[in-house]
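Working notes for the structure below.
Residue numbers (UniProt numbering), protein chains in the order written: chain A, 1 to 357; chain B, 1 to 89.
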């Protein structure tokens, strides 16, 4: 965003006053349109029946905390990364480990599967995000083909490919997000605005255009225009770090998980928070969220080892999933919505699905 | 994030919006950026929550039947089902 020349008479004090009045105006504008609560609108719809989501697969193999995972578009493979420095590609149907790579650093906090299914990206305490092409030759050393793409000045907390294998988007402890060209490693766009570590990002569903959401330690969630680098909208209602952000499947809203033990739901067109998912009995931080295919269910992983399943519209808890023996670090619904994968500090990943019929 | 990064603190090397530590004209420039950003955000058009909520609900309802975690899958179509062992008759 270009900074215009300073007008005569502008001082820090006068600008501060203007920023105060603008913030007030923003609040008033948002309040004016807040004519009803989401859960009130949803009162007329049927309550969800009891859910029966059970763990059917446990993926064992990491030697330490599993920090991140991502599904392949083929709906059966997934990639996971761990504090032990390893990145593993699994076939979730057969539990077969198809590829494994040992990174020179520990705490691989982010990993992502390429849209083509032919590569994975990962990064963490090495401040980089690297891309590994997946070879069909099992004997080939994946490390040899590693391509360093992103370079931050602090840890990489999140990464995702954009619509193709050619670009990746990263979030970092250095307070920025960045868009990179995979082939050349060139920085295409950087996103400044957070005032502390950025912990998570998510790309808008392709139909809604070139935007993404980020969340971080400054308790803010920001919406960005990928082409211009402009911060389009900003939401600040959490009381602590935002650990994860995820778009609602329609692209018109997103959810966040925070250390304040709540998850929140923000509508982009109303430009405000429209739901808070919380319970007196839920006192541990939420680290990760994802929606089911229709957006009706919000799966949230917590530091008390559980996954709470929230009814997004009614604001109530629909179910709790137990099983992990340590913090849940990541939950992700598979691309066809059939399964839920959860990764944990108990060194395992679990794949669950609903079976009623 | 203290729970995993015992030594790493948020970097101070940001092209700062945090301005009170900086001095003189750079402070002014930073405040100017904050004001410009706020002006931008204040200018966007918004819809009523009732409208937004109705649309969110409609999306859910339209896609509910195609949501396997909501409706469940039958064991015959479930790709994760345990493989049956084939035996020759």
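Note that beta-carbon positions come from the ideal geometry of N, C-alpha and C, so glycine has one too. Computed from a predicted structure; not experimentally measured.
So, with DSSP's three-state summary, where would you put residue 64(B)?
In the three-state scheme derived from DSSP, where H, G and I count as helix and E and B as strand, residue 64(B) is classed as helix.
When you compare the CB positions of residue 249(A) and residue 71(A), do they come within less than 7 Å of one another, or not?
Residue 249(A) is not a Cβ neighbour of residue 71(A), given a cutoff of 7 Å.
If we ignore side chains and look at the alpha-carbon of each, how far apart do residue 218(A) and residue 132(A) end up?
Their backbone Cα atoms lie some 32 Å apart in a straight line.
Listed by chain order, chain A residues near residue 92(B) by CB distance under 8 Å
What the structure shows of chain B is the stretch from 1 to 89, and residue 92(B) is not part of that stretch, so it cannot be assessed.
Is there a Cβ from chain B that is less than 7 Å from the Cβ of residue 25(A)?
Any Cβ of chain B closer than 7 Å to the Cβ of residue 25(A) would place that residue at the interface, and such an atom is present.
Alpha carbon to alpha carbon, what distance is there between residue 20(A) and residue 25(B)?
Here the alpha carbon of residue 25(B) sits roughly 20 Å from the alpha carbon of residue 20(A).
Do you know offhand how far residue 13(A)'s Cα is from residue 229(A)'s?
Residue 13(A) and residue 229(A): Cα-Cα distance of roughly 28 Å.
Reducing DSSP to helix, strand and coil, say where residue 233(A) ends up.
Strand.
Assign residue 31(B) to one of three DSSP states: helix, strand, or coil.
Residue 31(B): helix per DSSP, three-state reduction.
With 16 other CB atoms within 10 Å as the buried threshold, where does residue 105(A) fall?
Result: exposed.
Continuous alpha helix (DSSP H) assignments of at least 4 residues falling wholly in the segment 176 to 212 of chain A
Along the length of the segment 176 to 212 of chain A, whole alpha helix (DSSP H) runs at least 4 residues long do not occur.
May I have the straight-line CA-CA distance separating residue 176(A) from residue 46(A), to the nearest angstrom?
If I take the Cα positions, the gap works out to 42 Å.
Neighbourhood of residue 89(A) by C-beta distance below 7 Å, restricted to the same chain and skipping five residues each side:
Correct list, in chain order: 77, 79, 98, 99, 120, 134.
So that I know if they touch, is there some Cβ in chain A lying closer than 7 Å to that of residue 58(B)?
Residue 58(B) does not count as touching chain A.
Could you spell out where the beta strand (DSSP E) holding residue 67(A) opens and where it closes?
Residue 67(A) -> beta strand (DSSP E) spans 66 to 71.
Residue 70(B), DSSP secondary structure in three states
DSSP places residue 70(B) within a helical segment (H, G or I) once states are collapsed to three.
Within the 7 Å Cβ cut-off, does residue 294(A) reach chain B?
Chain B contact via Cβ: present.
Quick check on residue 144(A): buried or exposed, where buried means 16 or more other Cβ atoms within 10 Å of its Cβ?
Burial call: exposed.
Return the first residue and the last residue of the beta strand (DSSP E) that residue 276(A) is part of.
The continuous beta strand (DSSP E) containing residue 276(A) extends over residues 272 to 277.
Looking at residue 214(A) and residue 163(A), is the spacing between their C-beta atoms short of 7 Å?
No, the pair does not count as a contact, with Cβ atoms beyond the cut-off.
May I ask which residues mark the beginning and end of the alpha helix (DSSP H) holding residue 144(A)?
Membership of residue 144(A) in any alpha helix (DSSP H) is not indicated, and neither H nor E is assigned to it by DSSP.
Which stretch, first to last residue, makes up the alpha helix (DSSP H) that contains residue 21(A)?
For residue 21(A), the uninterrupted alpha helix (DSSP H) run begins and ends at 12 to 32, by DSSP.
Compare the beta carbon distance of residue 174(A) and residue 246(A) with 7 Å and say whether it is the shorter of the two.
Not in contact: residue 174(A) and residue 246(A) (Cβ atoms no closer than 7 Å).
Mapping the DSSP letters down to three states, classify residue 39(B) as helix, strand or coil.
It is helical.
Taking 7 Å as the CB-CB limit, is residue 269(A) close to chain B?
Yes, contact with chain B.
In this structure, does DSSP put residue 43(A) in helix, strand or coil?
DSSP places residue 43(A) in helix when its eight states are reduced to three.
Contact criterion: CB-CB distance below 7 Å. Does residue 349(A) meet it with respect to chain B?
Chain B contact via Cβ: absent.
Count the other CB atoms, across all protein chains shown, that sit within 10 Å of the CB of residue 52(B); report buried if there are 16 or more and exposed otherwise.
With 16 or more other Cβ atoms within 10 Å, it is buried.
Would a check of beta-carbon distances place residue 337(A) closer than 7 Å to chain B?
Yes, residue 337(A) lies at the interface with chain B (some Cβ there is under 7 Å from its Cβ).
Expressed to the nearest angstrom, what Euclidean distance is found between the alpha-carbon atoms of residue 38(A) and residue 55(B)?
Taking the straight line from one Cα to the other gives about 11 Å.
Straight-line CA distance for residue 126(A) to residue 48(B)?
Cα to Cα, the separation comes out at about 45 Å.
Would DSSP call residue 304(A) helix, strand or coil?
Looking at residue 304(A) - three-state DSSP - the assignment turns out to be coil, as it is neither helix nor strand.
In whole angstroms, what separates the C-alpha of residue 167(A) from that of residue 118(A)?
When only Cα atoms are considered, residue 167(A) and residue 118(A) end up about 14 Å apart.
Run down chain B in chain order and give the residues with a C-beta less than 9 Å from the C-beta of residue 45(A).
Proximity of chain B to residue 45(A) at the Cβ level (cut-off 9 Å) is accounted for by 57, 60, 61, in chain order.
Members of the segment 60 to 87 of chain A that neighbour chain B once the beta carbon cut-off is set at 8 Å
Here the close residues are 75, 76.
Neighbourhood of residue 42(A) by C-beta, 6 Å cutoff - its chain only, sequence neighbours within 5 removed:
Closer than 6 Å at Cβ, skipping near neighbours: 313, 314.
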